[in-house]
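Residue numbers (the numbering used here): 32 to 410.
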C-alpha cells in the first residue's frame, strides 16, 4: 500500500489540517470517533483510503498525521474539538511557549528542542506503513513555528527519508491581512528550505482566498474557518486520486513528474472551480466547459498571481464527479483555441487531465454548495 504521512505545523498548518481531515472523514464515511460503518473488514483491507488512514484492530480509523505547534492553544482546540477521538493523542505535540512570530526561535531556539520528538513520532507512523510514498507538509510561513520549525523539519526529513517525495502546502501571508509585521521576513527565510527540501510546493495565499470567499460565496467578513474549508476542498481535490481509484496523479511522485520541469521550479499555482454558494447553486447547473473556463480565470487562483502576465509550463486538470472524457476533451480544446493561455515555447501545450468519479463532498453547515462536478487545476 502506498501510504502518505501528513505533518501539520503551527497554527495555520493545524487549522488547515483540521479542516482537511474533517473533509476526508466525510468523503470516506468515517465518523468523528474513527468508526467507519461502511467498512466491513476489520484490520487492513487494501482500500485506497488506507493511504491516509490506518486501521486498528478494533476497526477504528486513525489519520496518518502529526500535529505540531510550539504553543498549546491550537493543539488544545484539536484535543477538545469534534474530532478529538479521531487522532491518536501522541500525534498531537504542543510546546509550552510559542515562537513569537520569530523564525529564529522556531528554527534554532525552541524548535530544536522539539524536532527530535516530532521526528520520533513520524518514525513511528512510518514504521506502521507497508510502503511509505512520501510526506505532505502543511504550514503557514508567516508565523515563527510554521516557517522556522517547518524549515528545520523539512531539512531533517530530507536527511532521514532522502528518497521519499515531499509535497508542501504553504500558506503565504498577504500585506492586506497581516497578523505580524515580520511575516515577510519569515516567508523569505523559509522559502529557501521549501526550494531545497520539497519536491512540489503548492502556494496558497490568504488574500486571494479571502477575495474568493467574498466574491463567490458572498461572505462579507470571511473567518479563518471559511478560508480553511475552501483550502480543504482544494487539497482534497488534489489528493482525491491518492485516496480513491483514479487515473492521474495516483502517486505523489506523479505530481513531480507531471508538473516540475526543473527541480528548483516547483512552486505551483492552484485553482478550484466551482466556488459557489448554496443559494446560487440551486438556480444554475455548471457544465464541464464552464467550470474549466472558470478554473483558468485569474480570480479563481488560490494565490494573487495573474497568469495572463506569464506563461504556463505544465498544467494538470483534475476533475471529480459526474464528468465524461468527451466533455473534458471539448472543454480543453476550446481553451486551446482561445489562445489566452500561453505556454512557454520549449514546452508543448499539454494539459494533463484526470477524472475521478467521486463527487466532491461538503461540510454540513459550510459555505460551499454541494455540486455534481468540480475541477481543480494545478500548474
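Each residue gets a CB set at the ideal place from its N, CA and C atoms; glycine is no exception.
- Here residue 148 is actually not in contact with residue 157; their C-beta atoms are around 15 Å apart, not less than 8 Å.
- Between residue 301 and residue 385, the CB-CB gap reaches or exceeds 7 Å.
- The three-state secondary structure of residue 266, taken from DSSP, is helix.
- DSSP, reduced to helix, strand and coil, places residue 198 within a strand of the structure shown.
- Between residue 52 and residue 94, the CB-CB gap stays under 7 Å.
- Every beta strand (DSSP E) stretch that sits fully inside the stretch 51-117 and reaches 3 residues is listed by chain position as 84-86, 92-94, 96-100.
- Taking 8 Å as the upper bound for CB-CB distance, residue 35 and residue 82 are in contact here, some 5 Å apart.
- Residue 331 and residue 320 have their alpha carbons spaced roughly 15 Å apart.
- Taking C-beta atoms under 8 Å as the contact rule, residue 299 and residue 409 qualify, at a distance of about 5 Å.
- Looking at the DSSP output, residue 387 sits in a beta bridge with 351.
- Taken through DSSP and simplified to helix, strand or coil, residue 246 comes out as helix.
- Residue range 404-409 is occupied by the beta strand (DSSP E) that includes residue 406, with no alpha helix (DSSP H) assigned at that position.
- Rounded to the nearest whole angstrom, the CA to CA distance from residue 125 to residue 138 is 15 Å.
- By alpha-carbon distance to residue 134, the top candidate from 150, 203, 178 is 178.
- Residue 346 is bridged by DSSP to 382.
- Under the three-pair Cβ rule at 8 Å, the stretch 58-71 does not count as touching the stretch 210-218.
- Per DSSP, the beta-bridge partners of residue 34 are 163.
- Here DSSP, grouped into helix, strand and coil, assigns residue 132 to coil.
- Within the stretch 278-318, the complete alpha helix (DSSP H) segments at least 4 residues long are 283-290, 309-312, listed from N- to C-terminus.
- Under the 10 Å beta carbon count, residue 207 is surrounded by fewer than 16 other beta carbons and is classified as exposed.
- Across the set 371, 340, 376, 324, the C-alpha of 324 shows the shortest separation from the C-alpha of residue 358.
- Comparing alpha-carbon positions, the option among 112, 322, 166 lying closest to residue 197 turns out to be 166.
- When the five nearest sequence neighbours on each side are left out, the beta carbons in the same chain lying within less than 8 Å of the beta carbon of residue 351 are those of 268, 271, 386, 387, 388, 389, 390, 391, 404, 405, 406, 407, in order along the chain.
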